[in-house]
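Residue 260 in the working numbering sits at position 92 of the sequence shown; the count goes up by one each step and never skips. The block underneath contains the structure these notes are about, expressed in structure tokens.
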Amino acid sequence: MSELAIDLTPSAAQRVATIATKQGKPAILRLAVEGGGCAGFQYKFGLADAVEGDDTLAERDGVTLVVDSVSLDLVRGSAVDYVESLGGAAFRVNNPVAASGCGCGTSFSI
């Protein structure tokens with residue numbers, strides 16, 4: 169699998185490691201894309217217990233980002249980042265495939 173399929177930034181990796189340690193889970197972040205949201209598709213994040221057979225992986229600093237094969241088509245070339253601002257803190261997907269997004273940063277269209 170291509171190294172450029174999906175990426176995890178250092179700040180996102182650090183945040184996942186912190187959350188996983190607090191919850192006593194493996195440092196595996198799953199990114200999935202679902203229909204819905206205000207722009208047509210929405211990102212869904214969650215800690216995973218294991219890697220599935222069709223997952224594409226990105227690893228950084230001991231943390232693994234996993235994306236299933238269906239979702240990968242909608243996020244290929246993206247980078248998952250963790251951003252803290254006055255509006256709050258959240259994981260963000262910098263998605264070159266998205267034609268537009270919404271103000272909340274959790275949904276997009278292609």
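Backbone N, C-alpha and C define an ideal beta-carbon position, used for all residues, glycine too.
- LEU254 (DSSP reduced to helix, strand or coil): Working through the sequence shown from its first residue, we reach residue 254 at position 86. In the three-state reduction of the DSSP assignment, LEU254 falls in the coil class, being assigned neither a helical nor a strand state.
- DSSP-derived helix/strand/coil call for VAL184: Indexing the sequence shown from 1 puts residue 184 at position 16. In the three-state reduction of the DSSP assignment, VAL184 falls in the helix class, which pools H, G and I.
- Task: Give the straight-line distance between the Cα atoms of PRO178 and VAL234, rounded to the nearest whole angstrom.
- Result: On the sequence shown, position 10 is the one that residue 178 refers to. On the sequence shown, position 66 is the one that residue 234 refers to. Cα-Cα distance, rounded: 16 Å.
- Where MET169 sits in the DSSP three-state scheme: Walking along the sequence shown from the start, residue 169 turns up at place 1. Note that MET169 scores a pLDDT of 39, beneath 50, so its modelled location is shaky and nothing firm can be said.
- Task: Identify the continuous alpha helix (DSSP H) that holds VAL219 and give its terminal residues.
- Result: Looking up residue 219 in the sequence shown gives position 51. Looking at the DSSP string, VAL219 is not in any alpha helix (DSSP H), and its letter there is neither H nor E.
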